[in-house]
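Here the protein sequences line up with chains A and B, keeping their order.
The first sequence maps to residues 1 to 312 in the working numbering.
The second sequence maps to residues 1001 to 1312 in the working numbering.
We put the beta carbon where it would ideally sit given N, CA and C, even for glycine.
Bear in mind the structure is a predicted one, so any value in this text is a computation, not a measurement.
Protein chains: 2
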Amino acid sequence: MPENRPSSVSAELIAVLVAVTAGAPRVLTIAQGTSLPSGPLSPEHRSLQAGTRSWVERQTHHPLGYVEQLYTFADNDRNAALGGFGRAISISYLALTREQPKTLEGGASWRDWYDYFPWEDHREGADLPAPLPGALRAWAQAGANTAERRARKQRAAIAFGLEGRRWNEELVLQRYELLYEAGLVAEAARDGIACHTTPAPRLGQPMRQDHRRILATGIARLRAKITYRPVVFELMPPNFTLLDLQRSVEALAGQLLHKQNFRRLVEQQELVEETGQIAEATGGRPAKLFRFRADILQERAYAGTKPPLARA
Amino acid sequence: MPENRPSSVSAELIAVLVAVTAGAPRVLTIAQGTSLPSGPLSPEHRSLQAGTRSWVERQTHHPLGYVEQLYTFADNDRNAALGGFGRAISISYLALTREQPKTLEGGASWRDWYDYFPWEDHREGADLPAPLPGALRAWAQAGANTAERRARKQRAAIAFGLEGRRWNEELVLQRYELLYEAGLVAEAARDGIACHTTPAPRLGQPMRQDHRRILATGIARLRAKITYRPVVFELMPPNFTLLDLQRSVEALAGQLLHKQNFRRLVEQQELVEETGQIAEATGGRPAKLFRFRADILQERAYAGTKPPLARA
DNA sequence: CTCATTTATGCTCAAATTGAGCATTACTGG
DNA sequence: CCAGTAATGCTCAATTTGAGCATAAATGAG
Chain A
1 MPENRPSSVS AELIAVLVAV TAGAPRVLTI AQGTSLPSGP LSPEHRSLQA GTRSWVERQT
61 HHPLGYVEQL YTFADNDRNA ALGGFGRAIS ISYLALTREQ PKTLEGGASW RDWYDYFPWE
121 DHREGADLPA PLPGALRAWA QAGANTAERR ARKQRAAIAF GLEGRRWNEE LVLQRYELLY
181 EAGLVAEAAR DGIACHTTPA PRLGQPMRQD HRRILATGIA RLRAKITYRP VVFELMPPNF
241 TLLDLQRSVE ALAGQLLHKQ NFRRLVEQQE LVEETGQIAE ATGGRPAKLF RFRADILQER
301 AYAGTKPPLA RA
Chain B
1001 MPENRPSSVS AELIAVLVAV TAGAPRVLTI AQGTSLPSGP LSPEHRSLQA GTRSWVERQT
1061 HHPLGYVEQL YTFADNDRNA ALGGFGRAIS ISYLALTREQ PKTLEGGASW RDWYDYFPWE
1121 DHREGADLPA PLPGALRAWA QAGANTAERR ARKQRAAIAF GLEGRRWNEE LVLQRYELLY
1181 EAGLVAEAAR DGIACHTTPA PRLGQPMRQD HRRILATGIA RLRAKITYRP VVFELMPPNF
1241 TLLDLQRSVE ALAGQLLHKQ NFRRLVEQQE LVEETGQIAE ATGGRPAKLF RFRADILQER
1301 AYAGTKPPLA RA
């Protein structure tokens, strides 16, 4: 039963390439922001990760700091388009870098990821975008029977922190999938899924195929990752103030942090050291500049530890 | 640059199927314990996960509770063996089930996973298997220069909890990879990697190809998972005592837990409820039987929470 | 020059969580 | 009745976490 010859498929690599600029989390897109960059797996690549790294670097002209596999899926729908070649397998990667001023090729551009997921940004006000609470209720009410209605209501409450529950910033994918099922994102309409609110809200900017889902997966992974592994430094310039660092983490998490506690955590972790320089004042008292400590980073990147960068 | 037609490859699914029986963590193997079960991705599978689920269920004759994607990799070495078909992509899955007394087909059998990773079991005595400490020192000393020797020493210390560091049970993959690089596992010898200890220790039972690495990935993932999502219940019978539950968690973690604290945690989480029945005494005072609470499980499986099942 | 404003930074405190251990209870087998 | 083995109930100190007060060091308006 095992030992069968595997069937033939085609493979492509899709990248969620993230940077943080001026407190905004950005993702590299192509085709006017409607697609994630993707490239074919080609025979000369030594590994999947090497393949992703090489073609993203060629396209963006700067090195990727961190690359991590996200998810692999096979899309049956694409069969037809591939001329009987069998199915297409997509292998997605999360990559981190510093946004460079360099020119991007073709229609590539950096976009604020909250353009695609406006409901994920809770940095000012924890309120959900206007149509959401009502639309979620409508979806729950549209369940076929009492049990389904209850289950939907509970699911919405967990995913969106309703009914006194607290918002869990890591449930990015669950929220997107719920909105998709509820017909509240444009991709759902495209795929023929009904919506129970009129006019049907189309939350956030859509993407082609399932790229927005992949992006959601990447955001979720990154939000989880920063709580137990020091990956933010891949997104920071060489020198930065503690507030810069905090703003970056907040941008990713979509939530504000307690300043003093954040500072305490960073110091405890010994992730950074003073450079001796002072930042040119932006507003008030000048801040010390810091840099990451290479030795500690290496160790932590390998084994992880306690929360390297804080919770809400 | 993107939008290229992906290249043609072949795809196989590999499963790390785990059960816990009588306090032993077990993994399903084929070919006298030298391989993980694997099957081809075939066109009728609706998705990769469905494919894995269906052929594992067909082989083992019982349903999988939980299936999760582990990792996808492309092995360049296998090119030759596939007759110019392009490379082979392997997509691995972690699956949980209860070991059934049913007969397995062919050469399939359940094996204690510590047969493959004896150094991972710290349930009695935290001591590493005899040759390890010395072999690790020898490997570190064999570094080309001072910097490499220091880096190796630190890496070994982190991975194996030496020099006063504490053992981190989640670093299963890092440890296996270090042992591979150090030539201390049979697969390394097979692949022509040198060892600096004579006679060269060949720790644990080897597997074909990189299946042991995949198993290490699965163990690591599962050990991490049980700390933030209640997946153990997939491995438990319908009714169990709290000690049964603790023994199962300990089997997976490879570490003993504080009994009272474990109990406190389980109760806090409200994951279980009494059945009203009492276990036939095995040793001392009879224990109450518990079962998992379906409602809570569903919620926790979706969103996770604090540690559902304890730390060391 | 003084003051309101803004951000940096140092410290404190109570609540919650975690790690470890003591004591008691309820069975089983000589 | 006694020793052995588990189950269970509680306590306690050390940490960790969440929130806030207070002060310092700049800037710009008047």
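- Listed along the chain, the chain A residues whose CB falls inside 9 angstroms of the CB of Ala-1220 of chain B amount to none; the nearest CB is some 12 angstroms away.
- Interface annotation, Gln-1069 of chain B: in contact with chain A, CB-CB separation under 8 angstroms.
- Neighbourhood of Val-9 of chain A in chain B, by CB distance below 9 angstroms: Pro-1006, Ser-1008, Val-1009, Ser-1010, Ala-1011, Leu-1041, Ile-1089, in chain order.
- DSSP places Phe-117 of chain A in the coil class of the three-state scheme, outside both helix and strand.
- Of the candidates B:Leu-1265, B:Ala-1287, B:Gln-1268, B:Ala-1287 places its Cα closest to the Cα of Thr-1275 of chain B.
- For Asn-239 of chain A, the closest of A:Gln-205, A:Arg-98, A:Pro-201, A:Ser-35 by C-alpha to C-alpha distance is A:Arg-98.
- Here Thr-29 of chain A is near Ser-109 of chain A, since their CB atoms are less than 8 angstroms apart.
- By the rule that beta-carbons nearer than 8 angstroms mark a contact, Asn-145 of chain A does not touch chain B.
- Cβ-Cβ separation between Trp-1055 of chain B and Leu-1215 of chain B: approximately 18 angstroms, too far for a contact (criterion under 8 angstroms).
- Every alpha helix (DSSP H) of 4 residues or more that sits fully in the segment 21–97 of chain A is shown, in chain order, as 48–60.
- Taking a Cβ-Cβ cut-off of 7 angstroms, the neighbours of Thr-72 of chain A in chain B comprise Leu-1048, Gln-1069, Thr-1072, Ile-1091, given in sequence order.
- Distance between Tyr-1180 of chain B and Ser-1092 of chain B, taken at the CA atoms: about 20 angstroms.
- Chain A places no beta carbon closer than 8 angstroms to that of Glu-1181 of chain B, leaving this residue out of the contacts.
- DSSP lists A:Ser-38, A:Ser-92 as the bridge partner or partners of Ile-14 of chain A.
- Cβ neighbours of Glu-1234 of chain B within its own chain (closer than 6 angstroms, five residues either side excluded): Gly-1065, Tyr-1066, Leu-1096.
- Comparing C-alpha distances from Arg-166 of chain A to each of A:Leu-173, A:Ile-158, A:Val-172 shows the shortest one belongs to A:Ile-158.
- Boundaries for Asp-191 of chain A: no alpha helix (DSSP H) harbours it, and the DSSP string shows neither H nor E there.
- Taking a cut-off of 8 angstroms for Cβ pairs, the segment 217–227 of chain A and the segment 264–275 of chain A do not touch, as fewer than three such pairs fall below it.
- In this structure, Arg-223 of chain A lies away from Val-185 of chain A, with their beta-carbon atoms at least 8 angstroms apart.
- In this structure, DSSP gives Lys-1259 of chain B a helical state, which the three-state scheme calls helix.
- Annotation: Asp-1295 of chain B to Val-1249 of chain B spans about 21 angstroms, alpha carbon to alpha carbon.
- Looking at the backbone, the Cα of Gln-1069 of chain B and that of Val-1018 of chain B are separated by about 14 angstroms.
- Taking a C-beta distance under 8 angstroms as the contact criterion, Val-1232 of chain B and Leu-1242 of chain B do not qualify as a contact pair.
- Leu-171 of chain A has a beta carbon lying within less than 8 angstroms of a beta carbon in chain B.
- The Cβ neighbour count for Ala-130 of chain A, taken over all protein chains shown within 10 Å, is under 16; the residue is labelled exposed.
- For Lys-1288 of chain B, the secondary structure class from DSSP, reduced to helix, strand or coil, is strand.
- Residue pairing for Ala-19 of chain A: DSSP places it in a beta bridge opposite A:Arg-26.
- In this structure Gln-277 of chain A is in contact with Leu-289 of chain A, their Cβ atoms being roughly 4 angstroms apart against a cut-off of 8 angstroms.
- For Tyr-176 of chain A, not one C-beta of chain B is nearer than 8 angstroms to its own C-beta.
- For Gln-1209 of chain B, no beta strand (DSSP E) segment is defined, and its DSSP state is neither H nor E.
- The beta carbon of Ile-158 of chain A sits closer than 8 angstroms to some beta carbon of chain B.
- In summary, the residues of the segment 287–302 of chain A whose CB is separated from some CB of chain B by less than 7 angstroms are Glu-299, Tyr-302, in the order they occur in the chain.
- Here Trp-1139 of chain B carries a helix assignment [DSSP, helix/strand/coil].
- For Glu-273 of chain A, the enclosing beta strand (DSSP E) has its first and last residue at 272–278.
- Assignment of Asp-127 of chain A by DSSP, reduced to helix, strand and coil, places it in the coil class.
- Cβ atoms of Glu-1012 of chain B and Gly-1039 of chain B come within 8 angstroms of each other, at about 7 angstroms.
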